[in-house]
Amino acid sequence: MEHLKTAVKLVVTVVIFYFLLTFIDVGQLIAILAKSHGGYILIAFAAQMASTFLAAYRWRLIMKELGFKEKVSFYVQSYFKGTFFNQVLPGSIGGDATRMIDLVQKGYEKKDAFYGIFVDRVVGLVGLLVLNLVSNVLFYGTFPQWLFNLINLITLGGIAGFILMLNLDKFTFLANLKGLDLFHRLGLRMARLYHSRLLLLKHIGISVVVHLFTVVAIYFLALSVDVWTGLGIFLVAVPPVFLLTIVPISLAGWGVREGAMVGILMLVGLAKAKILAISILYGILLILTALPGAWFWNRAKHTTSLKENA
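Going by my numbering, 194 is the number at position 99 of the sequence shown; the sequence numbering is gapless.
The following block contains the structure:
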């Protein structure tokens with residue numbers, strides 16, 4: 096079954112790229128990629144690495160509030176391993192499952208590990224929505240009115256959903272409904288974790304900065320292919336692209352990310368070939384910044400093997 100899912104994702108990725116390349120000059124695309132400026136790419140690499148480190152630190156803060164005792168280094172290594180599995184080996188085991196395995200191997204309960212990872216995911220998503228909403232207001236008029244309204248509708252809806260989640264503990268009838276009792280338990284835990292709204296704002300604020308680093312990385316990739324436009328355009332355009340790539344219909348978001356970026360950034364007059372080049376460079380950048388996870392994973396396997404043979 097898992098092989099079938101991977102095969103379907105591969106087909107979706109190939110089909111999207113096929114349609115994109117039918118109306119883009121492939122020779123021009125290759126030339127743009129070949130002439131991309133290494134200095135700007137290096138800055139983008141640093142920004143993306145900063146985003147990953149900060150995301151790992153946010154996860155550590157959340158887990159600490161939940162009673163987990165691990166050091167920052169553990170969360171950094173586990174987060175990089177998760178990123179590696181998501182970006183380089185998008186197969187039977189995902190990044191969140193990898194992080195959960197790491198926690199379980201440390202002796203924590205699986206359900207507690209799941210909850211901590213779930214909260215980290217949700218808070219990260221809310222940070223993305225907040226960044227998008229603020230950017231859309233600050234740079235009003237950058238994109239057509241219909242896109243402005245659509246983005247605001249999605250972001251406000253997502254934030255409203257998060258507020259509802261924070262108050263699910265008040266819907267006590269959910270506890271008695273099979274299949275929905277999970278939401279009540281999640282609501283209880285969320286209410287206990289974020290009894291201090293200041294703590295919630297702190298975690299969301301960190302998430303905003305995490306995504307801001309990512310947008311900055313894409314902005315410098317744009318500069319590397321001679322797209323000289325304002326950062327504001329990317330602050331508005333990139334978060335909706337990330338929201339679309341959350342839907343697991345392609346391999347590591349490939350294809351969906353490219354199609355969404357081309358579709359949105361074309362609206363401000365950017366050349367299709369350059370937009371696609373930016374997205375491809377970003378996909379490669381994600382793989383490169385995930386590679387430390389391969390080293391951490393291999394080292395953990397080696398350590399486990401030594402313990403088993405001791």
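Beta carbons: idealized from backbone N, C-alpha and C, even for Gly.
Using three-state DSSP, classify S187 as helix, strand or coil.
Bear in mind that a pLDDT of 49 at S187, under 50, signals an unreliable position, so the model cannot answer this.
Continuous alpha helix (DSSP H) stretch holding N227: start and end:
Counting along the chain, the alpha helix (DSSP H) containing N227 begins and ends at 205-233.
With a 10 Å radius around its C-beta and 16 neighbouring C-beta atoms as the bar for buried, classify P335 as buried or exposed.
By the 10 Å Cβ count, P335 comes out buried.
If you measure between the beta carbons of V320 and A372, is that distance less than 7 angstroms?
yes
Identify the continuous alpha helix (DSSP H) that holds M356 and give its terminal residues.
351-360
Please tell me whether F308 and A142 are closer than 7 angstroms, where the distance is taken between their beta carbons.
yes
DSSP state of P239, grouped into three classes?
coil
Could you work out which residue in E204, S302, Q172, L128 is closest to L226 when comparing CA atoms only?
S302
Reduced DSSP secondary structure (H/G/I, E/B, other) of V246
Per the sequence shown, residue 246 should be read as Ile rather than Val. Three-state result, I246: helix.
Got a sec, what are the start and stop residues for the alpha helix (DSSP H) A286 sits in?
276-288
Cut-off 8 angstroms between Cβ atoms - residues of its own chain near R153, not counting five sequence neighbours on either side
D215, V218, G219, H298, I301, S302, V305
What does the alpha-carbon distance come out to for the pair I359 and A368?
13 angstroms
For the 8 angstroms Cβ check, are there 3 or more pairs between the region 118-127 and the region 267-277?
no
Nearest to M195 (by Cα), restricted to the options Y174, H279, L296
Y174
Looking at K104: is its Cβ nearer than 7 angstroms to the Cβ of S345?
yes
With 16 other CB atoms within 10 Å as the buried threshold, where does R394 fall?
exposed
Straight-line Cα distance separating F234 from G327
Linking G327 to F234 through their CA atoms gives a straight-line distance of about 6 angstroms.
Sort S131, A389, K201, L161 by Cα distance to H290 and report the nearest one.
Of all alpha-carbon atoms in S131, A389, K201, L161, the one lying nearest the alpha-carbon of H290 is that of L161.
Beta carbon of Q182, beta carbon of I382: below 7 angstroms?
yes
What residue range is occupied by the uninterrupted alpha helix (DSSP H) comprising I157?
133-160
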